[in-house]
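By the count of the numbering used here, the sequence shown reaches residue 277 at its end, each step adding exactly one.
Report on one structure; see the data block that follows.
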Amino acid sequence: MFFNVIIRADEDIPVENSRIFEGTDPDIAARFKNQDGTPNFEMLQKLPTITSPEYDDDSSTTAQIGYLRADSSQCLSSVVASFPSTRLNRILATTSWRGSRTRWMVFKGDPYRMLGDLRSNYNPVQNEAVLRFPSVSVRDNQIAVMMPFNSAYPSPLKDPVYAAIASAANQLGYECRRVDEIKTPTDITQDILKLIESSKIVIADLSGANPNVYYEMGLAHDRGRIVIPISNSKERLPFDNRQIRTIFFHDDDEYSLQGLTRKIKATLENL
7 MFFNVIIRAD
17 EDIPVENSRI
27 FEGTDPDIAA
37 RFKNQDGTPN
47 FEMLQKLPTI
57 TSPEYDDDSS
67 TTAQIGYLRA
77 DSSQCLSSVV
87 ASFPSTRLNR
97 ILATTSWRGS
107 RTRWMVFKGD
117 PYRMLGDLRS
127 NYNPVQNEAV
137 LRFPSVSVRD
147 NQIAVMMPFN
157 SAYPSPLKDP
167 VYAAIASAAN
177 QLGYECRRVD
187 EIKTPTDITQ
197 DILKLIESSK
207 IVIADLSGAN
217 PNVYYEMGLA
227 HDRGRIVIPI
237 SNSKERLPFD
247 NRQIRTIFFH
257 DDDEYSLQGL
267 TRKIKATLEN
277 L
């Protein structure tokens, strides 16, 4: 098993090719190069990846582990866990510069075992106000859909955007659920937490900048779910969300909604 470690002074700027494989064992680097000696990004993007800002032993910066986007941004498409960057010293102990130099390295081994129990880095806040997710199993074929509700539609599937999402999901054997489809007499907040916790995938419609949807998307990211943001093309996303690949559509255009179905289906097929 191999994994990437990407350290950058500016995480908005990709590591230049001359610094890719710097500090990597030559035999390992050779496995991930094209015949002309350039990095084989198609192979590298399939590896578990740790990203971190540059740091020193006194830094309070945070590293993340997940998988890279299928583009040239060198950013993660999904985050499995976050942890203090200094935890990387367990991996970088034998390398020069440690965390103080921008570069892209490849290592052999299981990054999770090498990093240790990531949960041990933080002391949980003992506060009754903290949300508590229910203990439920994840349904691999379930997609939670977080979106603004429109009372003009008598049922969820009458909403053309939700219908377009459900169409894409159903074609691939997935089942979509919105929290307003849950009819049990329980607290709606608990229904939302249970829906996120039991779903492998969460689709978040950011149209209208609904604060509840943004909050629910944040919860889904924290729980390590695969999050697929979508948005009306008229929407201007907040800065922190622009780096996340988002599917845009026109909600008043039937052809565009058909395109939304196709794009969501293609995204699901590539998971």
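Idealized CB from N, CA, C, for every residue including glycine.
Item: Under 7 Å Cβ to Cβ from residue 117, same chain only, skipping five residues before and after it: list those, please.; Value: 9, 54, 56 and 71
Item: Does the Cβ-Cβ distance between residue 58 and residue 94 come in under 8 Å?; Value: yes
Item: Please classify residue 80 as buried or exposed, where buried requires at least 16 other C-beta atoms within 10 Å of its C-beta.; Value: buried
Item: Among the residues of its own chain, which have a CB less than 7 Å from the CB of residue 150, if the five just before and after it don't count?; Value: 183, 201, 202, 205 and 208
Item: Answer yes or no: do residue 185 and residue 197 have a C-beta to C-beta separation smaller than 8 Å?; Value: yes
Item: Could you give the distance in angstroms between the alpha-carbon of residue 188 and the alpha-carbon of residue 50?; Value: 41 Å
Item: Excluding the five sequence neighbours on either side, which residues of its own chain have a C-beta within less than 7 Å of the C-beta of residue 155, listed in chain order?; Value: 186
Item: Taking Cβ positions, are residue 112 and residue 38 nearer each other than 8 Å?; Value: yes
Item: Judging by CA-CA distance, which residue of 142, 220 and 92 is the nearest neighbour of residue 63?; Value: 92
Item: If you check the beta carbons only, do residue 229 and residue 139 fall under 8 Å apart?; Value: yes
Item: Does the Cβ-Cβ distance between residue 27 and residue 103 come in under 8 Å?; Value: no
Item: Between which residues of its own chain and residue 179 is the CB-CB distance below 8 Å, once the five residues before and five after are set aside?; Value: 147
Item: Below 8 Å on the Cβ atoms is my guess for residue 157 versus residue 267; work out the distance and round it to an integer in Å.; Value: Wrong, their Cβ atoms sit about 24 Å apart, outside the cutoff.
Item: Using DSSP bridges, identify the partner residues of residue 109.; Value: 13
Item: For residue 171, which three-state DSSP category applies?; Value: helix
Item: Once you ignore the five residues that flank residue 108 on each side, which residues in its own chain have a CB closer than 7 Å to its CB?; Value: 13, 14, 15, 21, 25 and 60
Item: Which residues does DSSP list as the beta-bridge partners of residue 1?; Value: The requested residue 1 does not occur in the structure, where the chain is confined to residues 7 to 277.
Item: Tell me the DSSP bridge mates of residue 21?; Value: Its beta-bridge partners do not exist; DSSP assigns none.
Item: Locate the beta strand (DSSP E) running through residue 180, then write down its first and last residues.; Value: Looking at the DSSP string, residue 180 is not in any beta strand (DSSP E), and its letter there is neither H nor E.
Item: So, with DSSP's three-state summary, where would you put residue 74?; Value: strand
Item: Assign residue 148 to one of three DSSP states: helix, strand, or coil.; Value: strand
Item: Roughly how many angstroms separate the alpha carbons of residue 74 and residue 261, rounded to a whole number?; Value: 31 Å
Item: Where residue 162 and residue 181 are concerned, what is the direct C-alpha to C-alpha distance, given to the nearest angstrom?; Value: 14 Å
Item: Taking the alpha carbon of residue 235 as the point to measure from, which residue in 269, 77 and 41 has its own alpha carbon closest?; Value: 269
Item: With C-beta atoms as the reference, is residue 237 less than 8 Å away from residue 211?; Value: yes
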